[in-house]
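Please read the structure below before turning to the comments.
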Amino acid sequence: MVFSGKKLSELELYIGTCTDLKNKIAPGVAEEQRDYIILGNNYARTLLVVDYPGSVRGNWLTKLYRFSGNMNISTHIVPIASDKMIRHLNQSIEEYEARLDQPLSPVRRKETEKKKTSAEHMLDILLAHNHKTIFLVHTYIHLQAMSLEELERLTERLQSIIWQTGLSVAPARDNMMHAFKSVLPICDITLPHYTHQNMHAAAVSSMLPFDESELFMQSGIIMGQNMHTDNVVLVDMNDKKMFPSRNMLILGTTGMGKSFFMQKHLLRQWVLEREDTRFFLIDPEREFARVVKQIGGQVIRLSNNTEHVINPFHILHDITDDDMRGSVLFLKMQRLKIFFKLIYPNMSVLESALLERALFAVYKQYDITEHTRFAGRNAKDFPTLSDLYHHIGEGYERLRDFREILRTYTEGTNAKLFNGATNVNLHNPLICFDIRDLQQDGDSQPVVMFHVLSFLWEEITRDTTTPKKLYVDEAHLLMRSEKSALFLLDVYKRIRKYEGEAIVASQQPIDFLGAAAGKAILNNSIGMLLLGLQDNDIRDLKEHDVLPLSEEEEAIIGRRKQGEGIYVAGNHRVYMRVDVTPEELRVIDPQQYAERFGSHA
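As C-alpha cells, this is what we get:
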C-alpha cells in the first residue's frame, strides 16, 4: 500500500487500522464521575474483585455467570515464574510474621494471620509439586445501563448474587476510567495492585464458566425462554456444522405441554420456511387440525366413516436406474408385511412367507413386477385389500385365520380405512393426518399410524432437495410393535439424507427404552425437550444412562410445571420455559387467549 508517496510496512498498516477502529467504536462522550462513568448515552460502573472465598465447590460462580442484566466479567490470568513466586512468598511471609510481633488491633491481626496462612499454603503447593505454575488473577465486573437509576438497581441486584458467591468486591471509585480499560478486549490490566490474587491451576480452573447455560445462535427459531438468564433460547437446527442432524424428541407426561410446544414450533417454522419447505403431521389426538386449517394447510381425516383412502398397495416412489428398479417393489413388500403383521400380530414365519407369495401374485394381476416403472401410474392401477382377500380364498389354507381378520378391512367396520384406490391429495405444502376418530379402537389406530408414516415416507423420499419436516405426536403407538418401531427408527435415521427433520413426541421415556429401536431413537435425537416427568420416568432415564441429569435438572423435571423443562441441542442444554406470542396463543388455544387477554379469537 502506498500513502503520500510512502510505502507503509505491515506493522504500520496494522497499527493504523487498529487506531482507526478504536476511533470508530469509541463513544462520542466519555465523562468520569466518582463511582460511574458516562459513555455516550449509557452509564457504566466497574467493580473490582478484591478477595475470594477460602474454599469453593465446583461451578461456584454459576449464579454470577447466569446473572440477568447488561454485565460483563473480565478475568485476566497471568502465569508467574515459580522461582520468582517462591521468593515473593518467602518475603511476604517474613513481613507478615514481623507485623504479628507488633501490637495490632484484633481486626488487623486476623487479616494478617489470614494472609500469612494463605501465603504459606501457596508456598507449600509450589515446593511439594516441583515448583508448580502459579497464576496471577485479576477480575473486573462491568455493568452498563441506559440511566443512572437503572445502573443503581442493577448494582443492587448484583450485590446479592456476589454475596452468595463469597467474593469481595469494591467499586473503582475515582478510578472508573482505568477500571473500564481493564474490561475492554485489549488485555490491559490497569489496577493490578487492587485486584491481584495468587492462584494455582486448580483454583483458576474453578473460575472458568464450563457450565455456561446460554443457547443463543445468530439465527434460527426461538424455542423458549432461558429460566436461568431470562434470555431467549435461539437455535438454528439448519446449522450443519453444529448439528449433524435436526431430529428432536419431546418427552413429558400428559398436560405438560408437548403438543403445545409442537404447535408453536410448527407455526414459527411455517412463517420462516413455508415458501420452500413441506410439512407433514401425524395427529392422533386432533391437536393440530385446527391450527393447520387456520394457516391454510390441508387436514386429512382418516376414520371408519370418511371418504379418504390410502391404498396400502399404492407405490409412489420410482427409481430411474434400471439396475435398482427391483428394490422399489421389494421395499414395498417389506412394509406391507409390517402392515399386515400389525393387523395380525400372531402371524407365524410360514404364514409370512405365504403372504409374501400372495402379495407378488396380486401385484402381477395388475402387471406389476420388479421391472415396472411407476412414474405417472394411475392410483387405480394398483391392487387393493379386496384383491388380496379374494386371492387367498383358495390354496392358502394356512392363511385362513389371517383372511378372516382381513375381512374386517374389506367388508367389515374398517372397510373404509384402507380398501380402495388412494384418493389423498398431497399437493398442499402443509398436510395433517387426523386419526383421532380411531382412538376408541385400540387395534386400528397403531395400524393407521404406521400406514400413514409409511405413505409419507414414500412421499418424503421422492426427492433429495426439497426441505421437509415431519411431526409425529403420540409416538408410543408406533413403539408397541417391534416392526413399526424399527421403521420409525429407519425414518428417524435417514430423513436427513432427504433434507428432512423429524419432530417426535411421546409421554414416557420407557416407551423408547423398552426396545433397541427406541434406545436408538433416543441416541439419534440431536434435539430433546424433557418436560415434566414422573419420578419413575426420571429413574428410567438414569438407569439406562440415556441422558445424564444433574440433581438440579432432575428437580426441574420432577416439579412437573407445565411448559418448563430441560432443552437439549447437541452438546448444549438449558433450563427452558416454552414461550408463546399472543397471536400464536390465539391460533393454538382461543379459550386460553380469551382468558388472558379478555377477547375471543
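Read in UniProt numbering, the sequence shown has 304 at position 304, and its numbers run on one by one without any break. Even for Gly, the Cβ is constructed at its ideal location relative to N, Cα and C.
Between the CA atoms of Glu370 and Val328 - distance to the nearest angstrom: On the sequence shown, position 328 is the one that residue 328 refers to. On the sequence shown, position 370 is the one that residue 370 refers to. For Val328 and Glu370, the distance between alpha carbons rounds to 7 Å.
CA-to-CA distance, Ser303 to Phe279, given in whole angstroms: In the sequence shown, counting from the first residue as 1, residue 279 sits at position 279. In the sequence shown, counting from the first residue as 1, residue 303 sits at position 303. The alpha-carbon atoms of Phe279 and Ser303 are separated by roughly 22 Å.
Whole-angstrom C-beta distance between Ala569 and Val235, which should lie under 8 Å: Reading the sequence shown from its first residue, position 235 is the one you call residue 235. Reading the sequence shown from its first residue, position 569 is the one you call residue 569. About 5 Å separates the two Cβ atoms, so the contact holds.
Boundaries (first-last residue) of the alpha helix (DSSP H) holding Thr62: For the purposes of this step, residue 62 is taken as residue 62 along the sequence shown, with counting starting at 1. According to the DSSP assignment, Thr62 belongs to the alpha helix (DSSP H) that extends over Thr62 to Tyr65.
Separation of Val362 from Leu350, as counted between CA atoms: Numbered from its first residue, the sequence shown carries residue 350 at position 350. Numbered from its first residue, the sequence shown carries residue 362 at position 362. Spanning the alpha carbons of Leu350 and Val362 requires a straight line of approximately 19 Å.
Three-pair Cβ contact test at 8 Å for the segment 407 to 421 versus the segment 295 to 313: Taking 8 Å as the limit for Cβ pairs, the verdict is that the segment 295 to 313 does touch the segment 407 to 421.
Helix, strand or coil at Leu354 [DSSP, three-state]: Here residue 354 corresponds to residue number 354 of the sequence shown, with the count starting at 1. Here Leu354 sits in helix by DSSP.
Per-residue burial, Met146 [other beta carbons within 10 Å of its own, 16 or more giving buried]: As a first step, residue 146 must be located in the sequence shown, where it is residue number 146. With fewer than 16 Cβ atoms within 10 Å of its Cβ, Met146 is classed as exposed.
8 Å Cβ cutoff met for Gln534 and Thr253: As a working note, residue 534 is residue 534 in the sequence shown. As a working note, residue 253 is residue 253 in the sequence shown. Yes, they are a contact pair.
C-beta neighbour in chain C for Lys341, strict 8 Å: In summary, chain C is missing from the structure at hand, where a single protein chain is found.
Classification of Glu501 by the beta-carbon crowding that lies within 10 angstroms, buried from 16 upward: For the purposes of this step, residue 501 is identified with residue 501 of the sequence shown, where counting begins at 1. Under this definition Glu501 is a buried residue.
Per-residue DSSP class, three states only, for Asp401: Against the sequence shown, residue 401 aligns to sequence position 401. When secondary structure is reduced to three states using DSSP, Asp401 falls in the helix class.
For Pro345, three-class secondary structure by DSSP: For the purposes of this step, residue 345 is identified with residue 345 of the sequence shown, where counting begins at 1. Coil at Pro345, not helix or strand.
Other residues of its chain near Val233: CB distance less than 8 Å, five sequence neighbours each side excluded: Residue mapping note: residue 233 aligns to position 233 of the sequence shown, counting from 1. Here the set comprises Leu215, Phe216, Ile222, Met223, Gly224, Gln225, Asn226, Tyr567, Val574 and Met576.
Where Leu39 sits in the DSSP three-state scheme: Indexing the sequence shown from 1 puts residue 39 at position 39. Taken through DSSP and simplified to helix, strand or coil, Leu39 comes out as strand.
Neighbourhood of Ala119 by C-beta distance below 6 Å, restricted to the same chain and skipping five residues each side: Here residue 119 is taken as the residue at index 119 of the sequence shown, counted from 1. Closer than 6 Å at the Cβ level, and outside the excluded window around Ala119, lie Leu89, Ser92 and Ile93.
Endpoints, alpha helix (DSSP H) assigned at Asp535: Here the question's residue 535 lines up with position 535 in the sequence shown. Counted as a single uninterrupted DSSP element, the alpha helix (DSSP H) harbouring Asp535 occupies residues Asp535 to Glu543.
The segment 488 to 500 in contact with the segment 463 to 474 per 3-pair CB rule at 8 Å: Two segments are said to touch when three or more pairs of C-beta atoms, one from each, lie closer than 8 Å; by this definition the segment 488 to 500 touches the segment 463 to 474.
Chain-order list of residues whose beta-carbon lies under 6 Å from that of Gly255 (same chain, five-residue window excluded): Locating residue 255 in the sequence shown gives position 255, where the first residue counts as 1. Around Gly255: no qualifying Cβ.
8 Å CB neighbourhood of Asn305 in its chain, flanking five on each side removed: Looking up residue 305 in the sequence shown gives position 305. Here the set comprises Lys416 and Asp437.
Whole-angstrom distance between Glu458 and Leu316, CA atom to CA atom: In the sequence shown, the residue the question calls residue 316 occupies position 316. In the sequence shown, the residue the question calls residue 458 occupies position 458. Here the C-alpha atom of Leu316 lies approximately 6 Å from the C-alpha atom of Glu458.
Burial state of Gly395 (16 or more Cβ within 10 Å): On the sequence shown, position 395 is the one that residue 395 refers to. Exposed is the call here.
Length of the line joining the Cα atoms of Pro509 and Gly565: In the sequence shown, the residue the question calls residue 509 occupies position 509. In the sequence shown, the residue the question calls residue 565 occupies position 565. Cα to Cα, the separation comes out at about 14 Å.
Counterpart residues of Leu470 in DSSP-defined beta bridges: Locating residue 470 in the sequence shown gives position 470, where the first residue counts as 1. The partner list for Leu470 (beta bridge, DSSP) reads Phe280 and Ala502.
Distance, His178 Cα to Asp276 Cα: Locating residue 276 in the sequence shown gives position 276, where the first residue counts as 1. Locating residue 178 in the sequence shown gives position 178, where the first residue counts as 1. Near 53 Å, if we compare the C-alpha coordinates of His178 and Asp276.
Among Leu342, Asp434, Trp60 and His142, the one whose alpha carbon lies nearest that of Tyr409: For the purposes of this step, residue 409 is taken as the residue at position 409 of the sequence shown. Among Leu342, Asp434, Trp60 and His142, the Cα nearest to that of Tyr409 is on Leu342.
Any 3 or more C-beta pairs closer than 8 Å across the segment 552 to 562 and the segment 235 to 244: Judged by Cβ distances under 8 Å, the segment 552 to 562 makes no contact with the segment 235 to 244, as fewer than three pairs qualify.
Three-state secondary structure assigned by DSSP to Leu530: The residue given as residue 530 occupies position 530 in the sequence shown. Leu530 falls in the strand class under three-state DSSP.
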